[in-house]
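J.: Right, I'll just put the structure down here and ask away after.
Residue numbers (the numbering used here), protein chains in the order written: chain Z, 56 to 250; chain L, 41 to 215.
Encoded structure:
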């Protein structure tokens, strides 16, 4: 099989270390020295990320520096949010739409990349919490900083909103991200250096 | 049932002003944290989000005024309610948050936040709402969550559910 040959090529290159993934819908790609391995192996084995990771999220393709490699497995795990059934909180919660999850993942990737590329700062991964109205909360909390970005449902008038500060209302930031434009707002990325 | 929309206050029931020194109680589902693969914090900002009922955003966050609903009664209330699958809810799956009304009103946020009495029926006279606008709600949710996190004693879970379950079963049987 063609895929197996690539796998062996990769193994011969001296790379070691494997990570087990459950197969999923090909939104996850990892680059090897001999080219992009496009499919998850049938045995559920995927080669550990090379210096650059390529990820497909929805229709978009991202190249992520190795410093941010934790994002890949984070996004992979977060897909569990889509399995929640209606009324998952016994209080009338709505299902999480796949497009909302995709937007949340893109926001994490794009802001992580922007802060890294502009400021050489690796921001920590957020909590990703499903909300009863079908939106998704991304939350960063540290003793001296807090940030909440709420990714809206597709029918909303905006893509996301949020608020953050350095506690005690120090350096507050209010966030409104419009739809159909870049998720990354420069002033938000600059503020995220604080995380 | 007395009404189709559970969030619509009934007429002819007196509305009171809740003094700032009083407390409100809010239930939070702790069984639901199994759905949170990245966060087990309780409460989290999610617990202070408005529900969407029939496509409409609630007027506020549902709570109970402690003057008319004790902690025990809050858990009993949960046990006699049904979810959308028409199953009774398990009181053991919930914790209760207790918040001072004055602390909520004193939140340093950009939008107005208030706690208002909003009785739904004579049997639910303690029903109250934490009210704030959608624009700016992220700041409020973040800070309401911190109100509880900074005071761990504000999160309650009964040590013994025996009496609660007994009353719940009696009420279910009498329905």
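Heads up, the beta-carbon is just placed ideally off N, CA and C, and yes, glycines get one too.
In this text the structure is predicted, and so the values were computed from the model without any measurement.
1. Taking residue 58 of chain L as the reference, give the member of L/106, L/70, L/66 with the closest Cα.
2. Using only alpha-carbon positions, find the residue among L/143, L/210, L/170 that is nearest to residue 190 of chain L.
3. How do the stretch 80-96 of chain L and the stretch 140-158 of chain L stand: do at least 3 beta-carbon pairs fall below 8 Å, yes or no?
4. With 8 Å as the limit, tell me which residues of the stretch 77-99 of chain L have their beta carbon closer than that to any beta carbon of chain Z; keep them in chain order.
5. Which residue from Z/121, Z/190, Z/106, Z/129 puts its Cα closest to that of residue 112 of chain Z?
6. Terminal residues of the continuous beta strand (DSSP E) containing residue 171 of chain L?
7. Given a cut-off of 8 Å, decide if residue 139 of chain Z and residue 187 of chain Z are closer than it, judged by their beta-carbon atoms.
8. Measuring only between beta-carbons, confirm whether residue 69 of chain L sits less than 8 Å from chain Z.
9. Where in the stretch 163-249 of chain Z do unbroken runs of the beta strand (DSSP E), each at least 3 residues long, occur, reported from the N-terminal end onward?
10. Return helix, strand or coil for residue 161 of chain Z, following the three-state DSSP convention.
11. Residues of the stretch 214-226 of chain Z in Cβ contact with chain L at a cutoff of 7 Å, in chain order, please.
12. Threshold first: 4 residues or longer. Then list the alpha helix (DSSP H) segments lying entirely within the stretch 60-128 of chain L, N to C.
13. From this set, L/163, L/92, L/68, which residue's C-alpha is nearest residue 196 of chain L's C-alpha?
14. Touching or not, the stretch 218-225 of chain Z and the stretch 192-207 of chain L, by the rule of three or more beta carbon pairs under 8 Å?
15. By Cβ distance below 7 Å, which residues in the same chain neighbour residue 132 of chain L in space, the five residues on each side in sequence not counted?
16. Excluding sequence positions up to five away, which residues of its chain have a Cβ less than 7 Å from the Cβ of residue 244 of chain Z?
17. How many whole angstroms separate the CB atoms of residue 240 of chain Z and residue 162 of chain Z, which I take to be in contact at a CB cut-off of 8 Å?
18. So what does DSSP say about residue 201 of chain L, is it helix, strand or coil?
19. Have a look at Z/122, Z/234, Z/160, Z/175 and flag the residue whose alpha-carbon is nearest the alpha-carbon of residue 210 of chain Z.
T.: To lay it out plainly:
1. The residue given as residue 58 of chain L occupies position 18 in the second chain. In this structure, L/106 is the residue among L/106, L/70, L/66 with its C-alpha nearest to the C-alpha of residue 58 of chain L.
2. Residue numbering aside, residue 190 of chain L sits at position 150 when the second chain is read from its first letter. When only C-alpha atoms are compared, the closest one is L/143.
3. no
4. So the list reads 77, 78, 79, 81, 84, 85, 86, 89, 90, 91, 92, 93, 97, given in the order they occur along the chain.
5. Counted from its first residue, the first chain places residue 112 of chain Z at position 57. Comparing Cα-Cα distances from residue 112 of chain Z to each of Z/121, Z/190, Z/106, Z/129, the minimum goes to Z/129.
6. Within the second chain, numbered from 1, the residue matching residue 171 of chain L stands at position 131. Residue 171 of chain L: member of the beta strand (DSSP E) spanning 167-171, first to last residue.
7. As a position in the first chain, residue 187 of chain Z is number 132, starting the count at 1. As a position in the first chain, residue 139 of chain Z is number 84, starting the count at 1. No.
8. Your numbering for residue 69 of chain L matches position 29 in the second chain. It does; some Cβ of chain Z falls within 8 Å.
9. The beta strand (DSSP E) runs of length 3 or more contained entirely in the stretch 163-249 of chain Z are, from start to end of the chain, 182-185, 191-197, 200-206, 213-220, 228-233.
10. Residue mapping note: residue 161 of chain Z aligns to position 106 of the first chain, counting from 1. Three-state DSSP puts residue 161 of chain Z in a helix.
11. 216, 217, 218, 224
12. 111-119
13. For the purposes of this step, residue 196 of chain L is taken as residue 156 along the second chain, with counting starting at 1. With distances taken between Cα atoms, residue 196 of chain L lies closest to L/68.
14. no
15. Here residue 132 of chain L refers to the residue found at position 92 of the second chain. Cβ neighbours of residue 132 of chain L beyond the five flanking positions: 201.
16. Locating residue 244 of chain Z in the first chain gives position 189, where the first residue counts as 1. For residue 244 of chain Z, where only same-chain residues beyond five positions count, the Cβ hits under 7 Å are 166, 169, 170, 173.
17. Within the first chain, numbered from 1, the residue matching residue 240 of chain Z stands at position 185. Within the first chain, numbered from 1, the residue matching residue 162 of chain Z stands at position 107. Not quite, the Cβ-Cβ distance comes to about 11 Å (not below 8 Å), so this is no contact.
18. Indexing the second chain from 1 puts residue 201 of chain L at position 161. Coil.
19. Along the first chain, read from residue 1 onward, the residue named residue 210 of chain Z stands at position 155. Checking every option, the nearest Cα to that of residue 210 of chain Z belongs to Z/234.
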